[in-house]
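Numbering (the numbering used here), first residue to last: 26 to 528.
The C-beta atom is built at its ideal place from N, Cα and C for all residues, glycine as well.
Just so we're clear, the structure is a prediction, and the values are computed from it rather than from any experiment.
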Amino acid sequence: LKTLSSQGASVSKVKFGCAVRMVLRWLIFETLALSVVSQLVFPDLEQDLDIEQTFVTDAELPPTNIKSNSTLCDDAVQQHSGYIQFASHSRFGNAKSYFFWLFESRQQVSSTADAPLIIWLTGGPGCSSQLALLSENGPCTVDADGSTLTTNPHSWNNNAHVMWVDQPAGTGFSKGPITDHDMDGVASDFHAFLQNFFGQLPQYRGCKLVITGESYAGHYVPAISYHIWAANKGIVADDERINFVGMAIGNGLVDPAEQYKHYPQMARDGGKSVGGSLAEGVITNAAECGVMEAAAEPCSLSCKACDDVGGVACTAAFIACNYAETVPYQLTGMNVYDMRIKCESPPLCYDFSNVAKFLNDAAVQEQIGAQDSWGSCNMLVNTVFKNDFMKSYHDKIPPMLEDGVPVLIYAGDVDYICNWLGNKAWTLKLEWSGSKGFSAAEDEAWDVNGSAAGRMRTYNNFQFLQVYQAGHMVPMDQPEAADKMITDFVARASHFRAGQQIV
């Protein structure tokens, strides 16, 4: 080792001191910025915060327990609900118990396995799938009083069995230590959950399985689907294979590096100039739009750094991108999930207190086999995924497309937060053998009962659907269109054969 001269040591100390101050300033900025962005972009950190969930022991977990005699929501079909406990295969280990609620198809079939099985995953991260069941695409919706139910004629179980699952641990009714913080853990845990689920209810193993979800499920669905698809390649025994045949994502966050580039245009004109159904944008100030435009490319580069480096690069991308591209919109007071309306119930913009009242009723919990209190979104779960948020998961999709797996990406075109412009853009840039064919394909009119409902682009087994006059939650805003969409896609996916393209 060389000995530093006194001058060199002094210079080194100065440089070191400057570096320390810079790091401290950056950490202070990150803490303050993350706090502000979290308050604006996500629900209040105090809402549904369940600190005890981080310390759940195996002995405290609900055991596998399934209720099959409930008549709630849809008394005309068989339903199952409750907990499936499984050994987590994430690097942290520990057992976990996921809550699910399954309704069989309203369509009569000769045997259970003759109907497909749809799995629905709500995003967040940390938001309960039961929220979607009771307000979007389930057999019933909860009335304003939080007690009475109304039948949903456009439920996704019209022609398929559907299961809504609360995951990862700590979400909704699901229990377990909140240890997963990336999609590897989420995917391996969900695969373990499914294997135990089929072990308990083997009549569903033969069903053709379609995995769906919205919003942050743009991370969940590709990761879980890929994990199952890849695992199936190494499984010979029929009693271990999962009959996965397709995946669908609605208004998803799949490729932030591409999607964040399209916030400025969505804010400025709502996509009207390129065929959107929104009458006008929300941010019309030229200077403000200019700032958003200028920040778009640096934001994209920071997302790519997050993919390459991870860790603090992902935190930096989260702060920089959301400050530049989502906070300006939220400060207008308009709903980020539906650009046509005000955000009436911040921070979620919608009042779901009726669903919370229903699911926290002791009699309801007894019927469905649920334990403890239910919250729409657990922000502790949300927080632990901070460094996963800006990562891209579009790269999981090409190998499945090459194998012939049907994939549907759909987006309501009045949503801002995961808007149709960004979702369409990443599908057009996705690299796979059908890229040129998909890019050259026409956006064809998509009708529902003779009325224009959207535009569909299809090439082989890949589809993108723009749904007119629908926000972030397409099944809630356009239930009939969503019903037709999923029915058509599941029928298409049912023809999946490994290695064969659907034409």
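By the Cβ-count criterion, residue 139 is exposed, with fewer than 16 other Cβ atoms from all chains shown falling within 10 Å of its own Cβ. Bridge pairing for residue 239: 275 [DSSP].
At a Cβ-Cβ threshold of 7 Å, residue 287 and residue 253 do not count as neighbours.
By the criterion of at least three beta-carbon pairs nearer than 8 Å, the segment 416 to 433 is not in contact with the segment 213 to 230.
For a cut-off of 8 Å, the C-beta gap from residue 119 to residue 210 is around 11 Å, too long to register as a contact. Sorting 492, 477, 429, 468 by C-alpha distance to the C-alpha of residue 251 places 429 at the top.
By the neighbour-count definition (other C-beta atoms within 10 Å, threshold 16), residue 347 is a buried residue. With fewer than 16 other CB atoms across the displayed protein chains lying within 10 angstroms of its CB, residue 96 is exposed.
Two segments are said to touch when three or more pairs of C-beta atoms, one from each, lie closer than 8 Å; by this definition the segment 142 to 160 does not touch the segment 471 to 479. In this structure, DSSP gives residue 234 an extended state, which the three-state scheme calls strand.
DSSP places residue 367 inside the beta strand (DSSP E), whose first and last residues are 363 to 367.
By the neighbour-count definition (other C-beta atoms within 10 Å, threshold 16), residue 366 is an exposed residue. In the structure shown, residue 270 adopts extended strand secondary structure according to DSSP, grouped into three states.
CA-to-CA, the gap between residue 369 and residue 353 works out to about 17 Å. Under DSSP, residue 191 shares a beta bridge with 124. Between residue 510 and residue 435 a beta carbon distance of about 6 Å is seen, short of the 8 Å cut, so the two are scored as contacting. Positions of the alpha helix (DSSP H) runs, each at least 4 residues long and wholly inside the segment 145 to 218, are given as 154 to 157 in order along the chain. Using a 10 angstroms sphere on the CB of residue 403, the tally of other CB atoms reaches 16 or more, which defines it as buried.
Positions of the alpha helix (DSSP H) runs, each at least 4 residues long and wholly inside the segment 357 to 441, are given as 378 to 384, 387 to 393, 404 to 409, 422 to 427 in order along the chain. For residue 444, same chain residues with a beta-carbon under 6 Å away, outside a window of 5 residues either side, are 291 in chain order. For residue 472, the secondary structure class from DSSP, reduced to helix, strand or coil, is strand.
Rounded to the nearest whole angstrom, the CA to CA distance from residue 512 to residue 460 is 26 Å. Residue 166 places its beta carbon less than 7 Å from that of residue 175.
Membership of residue 285 in any alpha helix (DSSP H) is not indicated, and neither H nor E is assigned to it by DSSP. Per the coordinates, the alpha-carbon of residue 193 lies some 20 Å from the alpha-carbon of residue 256. When rounded, the separation of the alpha-carbon atoms in residue 294 and residue 93 is 50 Å.
Taking the C-beta atoms as reference points, residue 415 is found nearer than 7 Å to residue 328. When Cβ pairs closer than 8 Å are counted between the two stretches, the segment 496 to 508 is seen to touch the segment 354 to 365, the count reaching three or more. Residue 143 is bridged by DSSP to 187, 235. Judged by their CB atoms, residue 243 and residue 274 are nearer to each other than the 7 Å cut-off. Burial is judged here by how many other beta carbons sit within 10 angstroms of a residue's own beta carbon; residue 522 has fewer than 16 and is exposed. Listed in chain order, the non-local C-beta contacts of residue 464 below 6 Å within the same chain comprise 453, local neighbours out to five positions each way being set aside. Residue 309 sits exposed, since fewer than 16 C-beta atoms from the chains shown fall within 10 Å of its C-beta. When 389, 322, 85, 446 are compared, the shortest CA-CA separation from residue 126 is found for 389.
Excluding sequence positions up to five before and after residue 316, its CB lies less than 6 Å from no other CB in the same chain.
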